[in-house]
Amino acid sequence: MVDLSLLQSVSYIAGELGVCVAAFYYLMVLREQVKNRRINQTHIVMQTLQTYEGMRRWIDLMNMEWKDYDDFEKKYGSDVNPDNFANRTTMFRFYNAMGYLVESGLADVETVHKLNGIGPIWTWAKFKPIIEENRRRYSGKNENWGLEYLAGEVLKVKLRDDPSYKVPERFTTYLADK
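For the working numbering, add 70 to where a residue sits in the sequence shown, where the first one is 1.
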């Protein structure tokens, strides 16, 4: 004959096991949702750059030339060249947003690197002296922090995957500081 206390103990164990299985399943589903959310966030933001217009904007920035900050302001400052200012600000804000998403864990730097390559590295390397001088003169230390952060994180991934990587000479400033 089966003891009633034994049946009761088996019943409690089965109930606790069911709760554990449900909790494990819930954690697995939640983990998958977080992963999918990160992928979707990254994809939505990356669509900004992955268009003809987005690439034209970036190429226009990469082809800008100046001698120093004052020369930059004479050629590309918001007062004299509002179209360039709008283009530059759009791209910087894009990279700032990506930097924020990567830092907060809502986007994956590996995915950003695979989808956008070295774009953030080159953009930061080219504009670092201008951004730093602009910070000093006008806006403070947080101006374009997302671009700087993203460039650093993408550079880490790039150097891990390709230790011989060097930023081209025309984008001279970034690696010297690393």
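All C-beta atoms, glycine included, are put in the ideal place defined by N, C-alpha and C.
- Within 10 angstroms of the beta-carbon of Ile-109 lie fewer than 16 other beta-carbons, which makes it exposed.
- Taking Arg-107 as the centre and dropping the five residues before and after it, the same chain places the C-beta of Leu-176 closer than 8 Å to its C-beta, in chain order.
- Judged by beta-carbon spacing, Leu-217 lies within the 9 Å limit of Ile-201, meaning their Cβ atoms are closer than that value.
- Per DSSP, the continuous alpha helix (DSSP H) segment holding Asp-231 begins and ends at 215-231.
- Residue burial annotation: Asn-212 is exposed, with fewer than 16 other C-beta atoms found within 10 angstroms of its C-beta.
- Unbroken alpha helix (DSSP H) stretches of 4 residues or longer found wholly inside the stretch 138-213: 139-146, 152-173, 179-186, 189-204, given in chain order.
- When C-alpha distances from Phe-197 are compared across Leu-185, Lys-226, Asp-138, the shortest belongs to Asp-138.
- DSSP, reduced to helix, strand and coil, places Trp-136 outside both helices and strands of the structure shown, so it counts as coil.
- Here the alpha carbon of Lys-144 sits roughly 25 Å from the alpha carbon of Ile-191.
- Inter-residue distance for Asn-157 and Gly-189 is about 15 Å (C-alpha atoms, whole angstroms).
- Comparing alpha carbon positions, the residue from Ser-75, Met-161, Tyr-95 closest to Ile-129 is Met-161.
- Straight-line spacing of the CA atoms in Arg-126 and Leu-119 works out to 9 Å.
- The three-state reading of DSSP puts Val-91 in helix, counting H, G and I together.
- Residue environment: Phe-94 is assigned as exposed (fewer than 16 neighbouring CB atoms within 10 Å of its CB, all protein chains considered).
- For the options Gly-88, Asn-204, Trp-215, Asn-186, the alpha carbon positioned closest to that of Gly-124 is the one of Asn-186.
- Here the C-alpha atom of Asn-154 lies approximately 8 Å from the C-alpha atom of Leu-131.
- Under a 10 Å Cβ-count criterion, Met-98 is classified as exposed, with fewer than 16 other Cβ atoms of the shown protein chains found around its own Cβ.
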